[in-house]
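A.B. asks: When you read off a place in the sequence shown, starting at 1, and then add 1156, the result is the number in this note's numbering.
For glycine and all other residues, C-beta sits at the position ideal for the given N, C-alpha and C.
Just passing along the structure, written as structure tokens.
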Amino acid sequence: MICYTHICRPFNTTIRFAIHTMIDFPKDLPDDDLLPRGRTLIVFDSSLPRDCIASICRLFEHSGRLSRKLSLTVRCGKSLKSLVRIWTIMADFKPELIVGVGGGTISDLVGFAAASYKRGIPYALFSTTTIAMVDAGVSGKTGVDFKGIKNAIGAIHYPLSVINVLSFLDSLSIDDFRAGFAEVVKMGIVTNSDLFTQINQWAQLSSIEQRNRLAEIIHQACITKANIIAEPSEHLAKTMYGHAIGHAIEVMSSTHLRHGDCIAIGMAMEGLLACKLGIWNLIEWDEQMKLLETLHLPTVPPLGLSLDQIIMGLEKDKYATEQDFRFVFPEHIGRISGDAESFFTSISRKGFRQLLAQIFNYSSLSKPDVELEHPRVLTNDKSQPYLISPVAFNSKRR
Ligand SMILES: NC(=O)c1ccc[n+]([C@@H]2O[C@H](COP(=O)([O-])OP(=O)(O)OC[C@H]3O[C@@H](n4cnc5c(N)ncnc54)[C@H](O)[C@@H]3O)[C@@H](O)[C@H]2O)c1
Ligand SMILES: [Zn+2]
């Protein structure tokens, strides 16, 4: 059985945890010796196929642990209500270990329940979505949304073990599957140009070849993420590229949008802002755009979401100050602008609306005010165009 393993050593801690990526369900519990042998609460996403849940529960039963299951519907996201459900069972069952089986919603909720119950108990994760495999499950960032603010309440708490079983992805919708790749593109852009090249090559393969090489790609992305969290904790800010506007869209959009989709749109917009400010270059931004498109990720805000609504969403961003919005911008593919002092670039709230409106045509006019040689038209809706015009910056596209 193919199983890639990487040991992750988060900075400034004595913690180590293993990340395993495997194609099929394991016969034995990986890292069994690392996990407490006592009462185990298994929290799983109710939309997972029953046989998959049964396979996971069997691993714990065979190891002689007394376990209890809790099925959660993740439709309402990372809500306080779901957290209270987990806390309630914990108060009654008194687990020594909590295991999350699901995507990023479950890993954030279970991780935070583990961080907060009795001031912290161990947890392990079986990640079942691409986004959880390459990002959420490995980050140690846990929490819930509160009062419309994404991840408003949370804690850093690392799992004891993370297990990515690719068979879980068979039942995942194609939209959820591809949304996870937005974070892989992001990680390539912010820290690892080799990963960017690899995902670019993978995206060009036939679907059979893509499947054959999926474990490799997912594991590479995991290692990149593990390397980021091995850096000083303030470097984590690097991973916020695409997330200021991405979260604003996620919070303000009336239609439910996947986190990865919002991040892809966020990268399209923030990347262009970086070019406009002379921090990044349009040739690399265009490479990013082509890759996002090849991966069938969206690059424009949803129809009906106005510029003002995006700005209202940005006002809720936890990194925004009273005067400024703050962004993480690429300088090159593989490197983010700034240094350990700060990876954020501030743009005054006052000037921001104008800047964004200059780049994105949010008016109902069907034509932008410059002659475009090769306009990158980012909408099919002629009545409400979101036009991004690289030519407007007097830069040549390849
Ligand atoms: N902590 C972090 O560092 C971090 C990083 C990225 C994202 N996140 C968070 O993760 C969440 C998004 O993660 P996600 O996309 O995994 O969302 P999710 O967990 O909500 O899963 C997406 C959908 O897929 C379903 N699903 C999950 N696994 C399935 C499977 N194997 N088969 C069938 N259906 C399945 C879920 O029921 C849900 O409808 C957001 O809340 C985001 O903020 C956190
Ligand atoms: Zn993210």
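Can you tell me which of the three DSSP states S1409 falls into?
C.D. replies: In this structure, S1409 counts as coil in the three-state DSSP scheme.
A.B. asks: Based on Cα-Cα distance, which residue from F1268, T1261, V1294, R1367 lies nearest to S1202?
C.D. replies: Considering only alpha carbons, the answer is T1261.
A.B. asks: Flag this pair as touching only if the segment 1407–1419 and the segment 1479–1493 have three or more C-beta atom pairs under 8 Å; answer yes or no.
C.D. replies: Counting Cβ pairs under 8 Å, fewer than three are found: no touch.
A.B. asks: For ligand 3, any of its heavy atoms closer than 8 Å to the Cβ of D1264?
C.D. replies: Although ligand 3 was asked about, the structure shown includes only ligand 1 and ligand 2 as ligands.
A.B. asks: Taking Cβ positions, are L1448 and A1338 nearer each other than 9 Å?
C.D. replies: For L1448 and A1338, yes; Cβs fall inside 9 Å.
A.B. asks: What is the rounded straight-line gap between the Cα of I1345 and the Cα of S1498?
C.D. replies: Distance between the alpha carbons of I1345 and S1498: 18 Å.
A.B. asks: Is G1507 helix, strand or coil by DSSP?
C.D. replies: Of the three classes helix, strand and coil, the one that applies to G1507 here is helix, per DSSP.
A.B. asks: Relative to the C-alpha of R1193, which candidate in P1278, V1300, I1242, V1266 has its C-alpha closest?
C.D. replies: Cα-wise, what sits closest to R1193 is P1278.
A.B. asks: List the whole-angstrom C-beta distance separating I1245 from L1281, where the pair is believed to meet the contact cut-off of C-beta under 8 Å.
C.D. replies: With 8 Å as the limit, I1245 and L1281 do not qualify as a contact, their Cβ atoms being about 18 Å apart.
A.B. asks: Counting only the same chain and skipping the five closest in sequence on each side, list residues whose C-beta sits under 6 Å from that of L1433.
C.D. replies: No residues qualify anywhere along the chain.
A.B. asks: For P1176, I'd like the list of residues in its chain whose CB is within less than 6 Å of its CB, leaving aside the five on either flank, ordered along the chain.
C.D. replies: It is worth fixing the name first, because residue 1176 is His in this sequence and not Pro. Here the set comprises C1159, T1161, P1186, I1319.
A.B. asks: Mapping the DSSP letters down to three states, classify H1313 as helix, strand or coil.
C.D. replies: In this structure, H1313 counts as coil in the three-state DSSP scheme.
A.B. asks: For H1415, report the span of its alpha helix (DSSP H) as first-last.
C.D. replies: Here the alpha helix (DSSP H) through H1415 covers 1415–1432.
A.B. asks: Kindly list the residues whose CB is nearer than 7 Å to the CB of D1332, restricted to its own chain and excluding five residues on each side of it in sequence; keep chain order.
C.D. replies: Result list for D1332: T1285, R1414, in chain order.
A.B. asks: Do the CB positions of S1238 and L1228 come within less than 9 Å of each other?
C.D. replies: Contact flag set, yes.
A.B. asks: How many Å lie between I1171 and P1388 at the Cα?
C.D. replies: Their backbone Cα atoms lie some 14 Å apart in a straight line.
A.B. asks: Could you check what DSSP says for G1256 in three-state terms: helix, strand or coil?
C.D. replies: The answer is strand: DSSP assigns G1256 an E or B state.
A.B. asks: What does DSSP give as the partner residues of F1200 in its beta bridges?
C.D. replies: DSSP lists S1227, V1257 as partners of F1200.
A.B. asks: Comparing the CB of E1449 with every heavy atom of ligand 1, is any distance shorter than 8 Å?
C.D. replies: For ligand 1, not one heavy atom lies less than 8 Å from the Cβ of E1449.
A.B. asks: Which residue from S1362, I1179, L1392 puts its Cα closest to that of A1292?
C.D. replies: Closest by alpha carbon: L1392.
A.B. asks: Identify whether K1394 lies in helix, strand or coil by the three-state DSSP scheme.
C.D. replies: Of the three classes helix, strand and coil, the one that applies to K1394 here is helix, per DSSP.
A.B. asks: Is the beta carbon of A1404 closer than 9 Å to that of I1467?
C.D. replies: Cβ atoms of I1467 and A1404: closer than 9 Å.
A.B. asks: Can you grab the Cα-Cα spacing for the pair L1316 / K1506, in whole Å?
C.D. replies: Whole-angstrom Cα-Cα distance: 45 Å.
A.B. asks: Near T1169, which residues of its chain fall below 8 Å by C-beta distance, leaving aside the five closest residues on each side in sequence?
C.D. replies: Cβ within range, chain order: Y1314.
A.B. asks: At 4 residues or longer, and completely inside the segment 1322–1389: list those alpha helix (DSSP H) runs for me, N to C.
C.D. replies: As far as the segment 1322–1389 is concerned, its whole alpha helix (DSSP H) runs of at least 4 residues are 1330–1335, 1337–1347, 1349–1359, 1363–1368, 1370–1386.
A.B. asks: Could you give the distance in angstroms between the alpha-carbon of V1276 and the alpha-carbon of G1310?
C.D. replies: Checking the sequence shown, residue 1276 turns out to be Gly, not Val. Those two C-alpha atoms are separated by around 12 Å.
A.B. asks: Indicate, with yes or no, if ligand 1 has a heavy atom lying under 8 Å from the CB of L1208.
C.D. replies: For clarity, residue 1208 is Cys in the given sequence; the question names Leu instead. True, at least one ligand heavy atom lies under 8 Å from that Cβ.
A.B. asks: For the beta strand (DSSP E) holding S1283, just list the boundary residues, first then last.
C.D. replies: Its beta strand (DSSP E) spans residues 1279–1283.
A.B. asks: Taking 9 Å as the cut-off, decide whether the C-beta atoms of A1386 and P1166 are in contact.
C.D. replies: Cβ distance < 9 Å, so A1386 and P1166 count as in contact.
A.B. asks: Under 8 Å from any heavy atom of ligand 1, does the C-beta of T1380 make it?
C.D. replies: Every heavy atom of ligand 1 is 8 Å or more from the Cβ of T1380, so no.
A.B. asks: What number of angstroms, rounded off, separates the C-alpha of A1288 from the C-alpha of T1380?
C.D. replies: Approximately 14 Å between the Cα atoms of the pair.
A.B. asks: Select from I1198, H1218, A1210, L1204 the residue whose C-alpha is nearest the C-alpha of K1225.
C.D. replies: That would be I1198, whose Cα lies nearest to the Cα of K1225.
A.B. asks: Is there at least one non-hydrogen atom of ligand 1 closer than 8 Å to the beta-carbon of I1309?
C.D. replies: No, the Cβ of I1309 stays beyond 8 Å of every heavy atom of ligand 1.
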